[in-house]
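Enquirer: To start, I am sharing the structure in question, which I have written as structure tokens.
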Amino acid sequence: MNHWPIEQLLPHAGRMVWIDRVVEWDAERVVCERVVRLGDLEVTAEGLPSWAGVELMAQAIAAWNGCQVLAAGGQVRPGFLLGTRAYRADADFFPVGTRLLIEAARTFHDDDGMASFACRITATGVQAEARLTVFSPPDPTPFLDPRHHSLDPTGNAP
-6 MNHWPIEQLL PHAGRMVWID RVVEWDAERV VCERVVRLGD LEVTAEGLPS WAGVELMAQA
54 IAAWNGCQVL AAGGQVRPGF LLGTRAYRAD ADFFPVGTRL LIEAARTFHD DDGMASFACR
114 ITATGVQAEA RLTVFSPPDP TPFLDPRHHS LDPTGNAP
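Numbering (our numbering), first residue to last: -6 to 151.
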């Protein structure tokens, strides 16, 4: 199993990379790590707000996708978070210094790039969970162009 630097796995840059590293991954799931540090984006003296768990989960999915693509010899490309269902966190903040483990397990996928993942964040004294729906088209370019207002999953106008 290869382990690439997180910056190679995500189509994010700089402070927008919220995951520290991939701990493990396989064909259906990924486990990532993040240590909550003062000075990081959105972190206050209380910690990282628990609502940020959705972004951590989405980035874990993006890291999983990056692992799949790089292992197959491809290039990492942007994907899209389409929705979040049943997000639940049992605290308002992930405290500073906490080591978060973010797990995403694929529960559904289709040939057009739609997928669903069961996600959870675990740490001492804090847990969060949700289901995320994502879209990773083979060519995201049409979806990033604001001139295209309505596209089908293949990137074509109806």
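Glycine is no exception: its CB is placed at the ideal position from the N, C-alpha and C atoms. Just so it is clear, the structure is predicted and the values come from calculations on it, not from any experiment.
Could you tell me which of Phe110, Phe87, Ser129 sits nearest to Gly46, measuring between CA atoms?
Expert: Per the Cα distances, Phe87.
Enquirer: Determine the extent of the alpha helix (DSSP H) in which Gly59 is found, giving its start and end residues.
Expert: Note, Gly59: alpha helix (DSSP H), 46 to 64.
Enquirer: What separation, rounded to the nearest whole angstrom, lies between the Cα atoms of Leu34 and Asn58?
Expert: Looking at the two C-alpha atoms, the distance is approximately 23 Å.
Enquirer: What span of residues does the beta strand (DSSP E) with Ile114 cover, start to end?
Expert: Here the beta strand (DSSP E) through Ile114 covers 107 to 116.
Enquirer: In the DSSP assignment, find the unbroken beta strand (DSSP E) run with Gln120 in it and report its ends.
Expert: Here the beta strand (DSSP E) through Gln120 covers 119 to 128.
Enquirer: For Ala56 and Val16, which I take to be in contact (beta-carbon distance under 8 Å), what is that distance rounded to the nearest angstrom?
Expert: In fact, because the Cβ distance is near 10 Å, the residues do not count as touching under 8 Å.
Enquirer: Measure the alpha-carbon distance for Leu125 versus Leu74 and round it to whole angstroms.
Expert: If you take the alpha carbons of Leu125 and Leu74, they lie about 7 Å apart.
Enquirer: Does the distance from the C-beta atom of Pro130 to that of Gly106 stay below 8 Å?
Expert: In this structure, Gly106 lies closer than 8 Å to Pro130 by Cβ.
Enquirer: Asn(-5) to Leu137, Cα distance in whole Å?
Expert: Cα to Cα, the separation comes out at about 30 Å.
Enquirer: Grab me the residues of Glu48's own chain with a C-beta within less than 8 Å of its C-beta, minus the 5 sequence neighbours each way, in chain order.
Expert: Closer than 8 Å at Cβ, skipping near neighbours: Trp11.
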